[in-house]
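First up is the structure itself, then whatever we jot down about it.
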Amino acid sequence: MIVLALVSIFMAISLIFNGLGVVGLHRFPDVYTRLHAATKCTTFGSIFMAFTVITYSGAMFYWSNDAKYLNMALHTLGAVVALLITNPTGAHAIARAAHRMGVMPKYAVKDELKEAR
Amino acid sequence: MKDAKDFVATFILALVVYLFLTLASGIPMVEGTILWSLEELIMGLSVALIVAAVTSHILCRSKNFRMLNPARWLIMLVYTIPLFLEMVKANFDVAYRVITGRIEPAIVKITPDLKTDLGITILANSITLTPGTLTVEVDDEKSELYIHWIKVKDDPDEVISGRFVRWIRRFAE
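These protein sequence lines are chains D and F, in that order. Residue 887 is where the first sequence starts when you use the working numbering, and the numbers rise one by one after that. Residue 44 is where the second sequence starts when you use the working numbering, and the numbers rise one by one after that.
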């Protein structure tokens, strides 16, 4: 029962943040702010979806003692670690390439990187 | 002699990762085995040997073995807690900005004063992972990070990276 509630809550959080990521992708004006919306909300959403899987399979392992559930939980944990490393790296690569190409942030108050060049 | 140390460090890391992924392959317990089945142990050892032979010169390029200290890994594990708390806080902030559209973006410069490559990498990744801040460019020589901030405030050094830097200094320096 508690597990079911936890799974539902985690899934709801994940869906809300993934949805906000999509909305942000449409609302924000330029590539940098869109990266904020797309990568951040999606990371948070995906992490909570992974928590859902870990909670569910952990509970199933506890009840059924079947090793495949423990494997599922551990592999999902590995996926979270991979996500935590690759997602910011990708976002950083896109932002850096955009700035080198000369795409300037819209509505920017100041741009110390442009001044440094 | 140094090369042997490289090899052993890479071997152990590869073996640990392999064993982590195949944990519980020995359940239900067969007589005389531990959590892993014998096949997985043999396979893990041989794969780790190959990986260590091929990539040891890449992993240990700096010739500095401070990360072999398990206490550093423990602190790195503990570091995920403040990181996650910051992520939660900042996620709600960005969610608010997505809904209202109130943004005031700027690219600001911070000087975290970290010396090692690993420290700067982890700091840049943490900053990008925290919603609302995005690392655009890293200046290796001067240890400066240029950060796109969705809503500028005063004192970027402390607000963006203050807590992260204090934590990272404990395990990466």
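Note that the Cβ used here is the ideal one computed from N, Cα and C, for glycine as well.
Between Val-995(D) and Ala-133(F), the CB-CB gap reaches or exceeds 8 angstroms. Taking the Cα positions, Leu-157(F) is about 29 angstroms away from Phe-135(F).
Going by C-alpha positions, Arg-213(F) is about 28 angstroms away from Tyr-61(F). The beta carbon of Met-130(F) sits closer than 8 angstroms to those of Leu-172, Thr-173, Pro-174, all from its chain and outside the five residues before and after it, given in chain order. With respect to the C-alpha of Leu-963(D), the residue from Ser-950(D), Ala-977(D), Ala-981(D), Thr-941(D) having the closest C-alpha is Thr-941(D). Look at the segment 152–182 of chain F: the residues with a C-beta under 7 angstroms from a C-beta of chain D are Lys-152, Ala-167, Asn-168, Thr-171, Leu-172, Pro-174, Gly-175, Leu-177, Thr-178, Val-179, Glu-180.
A Cβ of chain D is located within less than 8 angstroms of the beta carbon of Val-195(F).
Per DSSP, the unbroken beta strand (DSSP E) holding Lys-152(F) starts and ends at 149–153. Straight through space, the alpha carbons of Ala-95(F) and Leu-66(F) are spaced by roughly 21 angstroms. Segment contact: the segment 952–968 of chain D against the segment 200–208 of chain F, fewer than three CB-CB distances shorter than 8 angstroms; contact not assigned. The beta carbon of Ile-940(D) does not come within 8 angstroms of any beta carbon belonging to chain F, so the residue lies off that interface. In the structure shown, the three-state DSSP call for Glu-187(F) is strand. Annotated three-state conformation of Thr-173(F) is coil, per DSSP.
Contact between His-985(D) and Glu-180(F) holds, with the beta-carbon distance rounding to 7 angstroms and staying under 8 angstroms.
DSSP places Glu-83(F) within a helical segment (H, G or I) once states are collapsed to three. For the segment 898–910 of chain D, the beta-carbon criterion of a distance under 7 angstroms to any beta-carbon of chain F is satisfied by Phe-903, Leu-906, Val-909, Gly-910.
Between the segment 113–122 of chain F and the segment 78–92 of chain F there are fewer than three C-beta pairs closer than 8 angstroms, too few to call the two in contact. Around Pro-199(F), the same chain offers Val-151, Ile-153 as residues with beta carbons nearer than 6 angstroms, after the five sequence neighbours per side are excluded.
According to the DSSP assignment, Arg-104(F) belongs to no alpha helix (DSSP H), since it is labelled neither H nor E.
In this structure, the straight-line span from the alpha carbon of Asn-973(D) to that of Tyr-139(F) is close to 22 angstroms.
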